[in-house]
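Student: Numbering (this note's numbering), first residue to last: 180 to 478.
Even for Gly, the Cβ is constructed at its ideal location relative to N, Cα and C.
Remember, it's a predicted structure, so these values are computed and weren't measured experimentally.
Just passing along the structure, written as structure tokens.
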């Protein structure tokens, strides 16, 4: 039996592949790949757009090459929000079966949050027995999980994500800074309304000082804050507010972005900032640390 296994996360914004190998009782990451598919882009009336399905096919072709030597019983392919919400999942499920030789497994939002918590907790060494909150901002939903150490106790999925916010509020393209400001404010308010029920989460008040974040949005915000000298190793409430102020003051350039921002995040970044800012408000967060692990690590 091969010592290599793989997990593929078919997310609403990106598809991610993790290859791992056994070292004693541990699994060690060998390779990670990410392909920006934006599966939720153009989603209307419960249907994935034809262009999004084409992008998915291309990503699965590329991933198939990387997992060709992985035994099929050591390969897992997980679908999340976009595939939970879509009525035309069959083309993706068929492509997974034909190209990768396994069945697609679409998980619930709660199960997704639990897997994300497990993946992040395994990679986070500080305060191993401390209570914590793990957050993943996805393209179509935001997963949150409260727990202690490696034990997830309260996983939650909120139906708001950065791709959906972008499509609903930002348009393409935004011609003026005034349009961007209005779109940002509208998107942030919509996110606050969607997340408001989290204020009553049983564990919410106990662990806000130990918030851990994963996903491209949180990674990008941390990178931009660091590149501009607005924050340190964490995303703080004050640093995030400086970024929001920069967007609203016109220091965001839609075609060139901000220092520290990867070009492939240009289109989605303002929506992601609006969502993260709303989350800090609703949960009264003071800081969040980025951890480079997520659902595929939990799988």
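State the start and end residues of the unbroken alpha helix (DSSP H) segment that holds residue 204.
Tutor: Segment: none, residue 204 is in no alpha helix (DSSP H) and carries neither H nor E.
Student: Might you give, ordered along the chain, the residues of its own chain that have their beta carbon closer than 6 Å to the beta carbon of residue 250, omitting 5 neighbours on each side?
Tutor: Contacts found: 181.
Student: Just mark residue 471 as buried or exposed, buried being the case when its beta carbon has 16 or more other beta carbons within 10 Å.
Tutor: Exposed, by the Cβ-count rule.
Student: For residue 282, count the other beta carbons within 10 Å of its own beta carbon; 16 or more makes it buried, fewer makes it exposed. Which is it?
Tutor: Under this definition residue 282 is an exposed residue.
Student: Is it true that the CB of residue 232 sits closer than 9 Å to the CB of residue 285?
Tutor: Against a cut-off of 9 Å, the Cβ pair of residue 232 and residue 285 comes out as no contact.
Student: Measuring only the C-alpha atoms, how far is residue 429 from residue 319?
Tutor: When rounded, the distance between both Cα atoms is 27 Å.
Student: Going along the chain, which residues of its own chain have a beta-carbon closer than 8 Å to the beta-carbon of residue 294, five neighbours each way excluded?
Tutor: These residues qualify, in order along the chain: 257, 286, 474, 477 and 478.
Student: According to DSSP, what are the bridge partners of residue 336?
Tutor: Looking at the DSSP assignment, residue 336 forms a beta bridge with 322.
Student: Spatial neighbours of residue 208 within its chain, please: C-beta separation below 6 Å, excluding the five flanking residues on both sides.
Tutor: These residues qualify, in order along the chain: 199.
Student: Do residue 403 and residue 438 have their C-beta atoms closer together than 9 Å?
Tutor: Cβ distance < 9 Å, so residue 403 and residue 438 count as in contact.
Student: How long is the line joining the alpha carbons of residue 489 and residue 417, rounded to whole angstroms?
Tutor: Since the first residue shown for the chain is 180 and the last is 478, residue 489 is missing from the structure and cannot be characterised.
Student: Can you give me the C-alpha to C-alpha distance between residue 266 and residue 342, rounded to a whole angstrom?
Tutor: Approximately 18 Å, taken between the alpha carbons.
Student: Tell me which residues share the same chain as residue 511 and place their Cβ nearer than 7 Å to its Cβ, disregarding the 5 neighbours each side in the sequence.
Tutor: No answer is possible for residue 511: the residues shown for the chain start at 180 and end at 478.
Student: In whole angstroms, give me the CA-to-CA distance for residue 340 and residue 420.
Tutor: If you take the alpha carbons of residue 340 and residue 420, they lie about 20 Å apart.
Student: Just verifying my parser: in three-state terms, what is the DSSP assignment at residue 193?
Tutor: Strand.
Student: Cα separation between residue 344 and residue 427?
Tutor: If I take the Cα positions, the gap works out to 17 Å.
Student: So is residue 442 buried or exposed if we call it buried at 16+ other beta carbons inside 10 Å?
Tutor: It counts as exposed.
Student: Taking DSSP as the reference, what is the three-state secondary structure of residue 469?
Tutor: Note: residue 469 maps to strand in three-state DSSP.
Student: Please report the Cβ distance between residue 185 and residue 246, rounded to the nearest whole angstrom; I am assuming they are in contact, meaning their Cβ atoms lie under 8 Å.
Tutor: Residue 185 to residue 246, Cβ: 5 Å. Contact.
Student: Skipping 5 residues on each side, what residues in its chain have a beta carbon closer than 8 Å to that of residue 289?
Tutor: Excluding sequence neighbours, residue 289 sits near 334, 335 and 336.
Student: I'd like the list of long-range same chain contacts for residue 278, defined as Cβ closer than 7 Å, with 5 residues on each side in sequence excluded.
Tutor: These residues qualify, in order along the chain: 239, 240 and 243.
Student: Straight-line CA distance for residue 236 to residue 222?
Tutor: Between residue 236 and residue 222, the C-alpha separation is close to 17 Å.
Student: Give the single residue among 269, 460 and 448 whose Cα lies nearest to the Cα of residue 317.
Tutor: Among 269, 460 and 448, the Cα nearest to that of residue 317 is on 448.
Student: Candidates 253, 377 and 254: which alpha carbon is nearest residue 324's?
Tutor: Nearest C-alpha to residue 324: 377.
Student: Give a yes or no on whether the C-beta atoms belonging to residue 218 and residue 226 are separated by under 9 Å.
Tutor: Cβ distance not < 9 Å, so residue 218 and residue 226 don't count as in contact.
Student: In three-state DSSP terms, what is residue 211?
Tutor: Correct three-state label for residue 211: strand.
Student: Would DSSP call residue 295 helix, strand or coil?
Tutor: Residue 295: helix per DSSP, three-state reduction.
Student: Using the C-alpha atoms, what's the distance from residue 315 back to residue 365?
Tutor: Using only the alpha carbons, I get a separation of about 22 Å.
Student: With respect to the beta strand (DSSP E) encompassing residue 284, which residues constitute its N-terminal and C-terminal limits?
Tutor: First-last of the beta strand (DSSP E) with residue 284: 283-285.
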